[in-house]
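Reviewing the structure listed below.
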Amino acid sequence: MVRFFYTSIFLLIAVAAFSQINVKIGYGLGILNVGDNNDILAEFNEIKSAELSDSLSIPFKGLKSIHGIDVGLRLKFSENSAIELSWANLAKSTKAIGEINETDLFRQELFYSFNQYYISYQSLFDRYGLGVGIGTNKVKIKDRIGGSEFKETVVSQHQLFTRINLSIYFQSKKTVSFAIQPFIQIPLSDINLSSLRNELKLPADSNASDSFKMIGISFIFYNGRQ
């Protein structure tokens with residue numbers, strides 16, 4: 009990941025000398041195609057519900073979406089071409105709550121985060137555009153410790169991904185434009201989830217994994233001379 013980041017910085021510095029720079033600030037929403045992760049949560053719900061005599065009032069919900077900020081720089085070196093260096097931080101949580109007895113509650117909360125760096129080439133055609141890119145995604149899953157504010161990291165792994173996006177641009181001023189960007193994100197490797205199974209006290213399975221394929225949409229403001 010470090011090599012990828014520094015290579016991207018070097019490329020952008022080289023291009024920046026001949027390009028127009030815009031700061032991008034936005035919000036991204038991803039819809040996930042998840043398999044093993046949600047199967048693990050469903051298995052936990054079934055076992056815990058039986059353990060609590062069907063008193064698991066709020067079971068874990070499967071991870072279906074994730075959202076957060078998307079910021080970076082756009083270096084536009086012609087009317088029809090640009091390179092973007094972006095950082096996205098997407099997150100979602102899910103919790104399970106049940107009644108152990110009349111006075112005690114069971115509670116467990118998982119926190120998912122995707123910390124992404126990616127570089128993309130954007131082709132611009134008037135109000136429309138097409139982009140292709142590659143990036144690195146650090147997937148973290150944390151478990152809240154008891155009822156405290158502290159969290160324990162259960163999963164922390166990297167994966168490379170490719171990304172394809174369309175763009176629709178709306179220019180309101182000479183120094184600000186807005187873009188809607190639907191995208192597809194294709195992971196190039198899986199995230200091993202055996203430690204998540206261990207954390208939830210499920211039978212061991214070293215092959216448990218998920219790629220977290222994603223389709224989504226970003227809403228981006230570009231600031232600077234257009």
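Quick note on our numbering: the sequence shown kicks off at 9 and runs consecutively.
Even glycine gets a Cβ: it sits at the ideal position worked out from N, Cα and C.
Where aspartate 151 is concerned, the enclosing beta strand (DSSP E) starts and stops at 136–152. Here lysine 72 carries a coil assignment [DSSP, helix/strand/coil].
The C-alpha of tryptophan 95 lies about 38 angstroms from the C-alpha of lysine 56. Straight-line spacing of the CA atoms in glycine 34 and valine 79 works out to 6 angstroms.
Sorting Leu208, Ser219, Glu51 and Ser180 by C-alpha distance to the C-alpha of threonine 170 places Ser219 at the top.
Nearest to lysine 159 by alpha-carbon distance, out of Ser101, Leu113 and Asn109, is Ser101. Around the C-beta of serine 61, fewer than 16 other C-beta atoms lie within 10 Å, and the residue is accordingly described as exposed. Taking the Cα positions, valine 163 is about 38 angstroms away from serine 89. A contact between stretches requires three or more CB pairs, one per stretch, nearer than 8 angstroms, and the segment 35–43 meets this requirement with the segment 63–76. Serine 180 is classed as exposed because its beta carbon has fewer than 16 other beta carbons within 10 Å across all chains shown. Pairing valine 140 with leucine 81 gives a Cβ-Cβ distance that is not under 8 angstroms. Secondary-structure assignment with DSSP links arginine 82 through a beta bridge to Asn30 and Glu92. For isoleucine 66, there is no enclosing alpha helix (DSSP H), as DSSP gives it neither H nor E.
For phenylalanine 158, the three-state secondary structure derived from DSSP is coil. Serine 57 carries a helical assignment under DSSP once its states are collapsed to helix, strand and coil. Around the beta carbon of glycine 154, fewer than 16 other beta carbons sit within 10 angstroms, so the residue counts as exposed.
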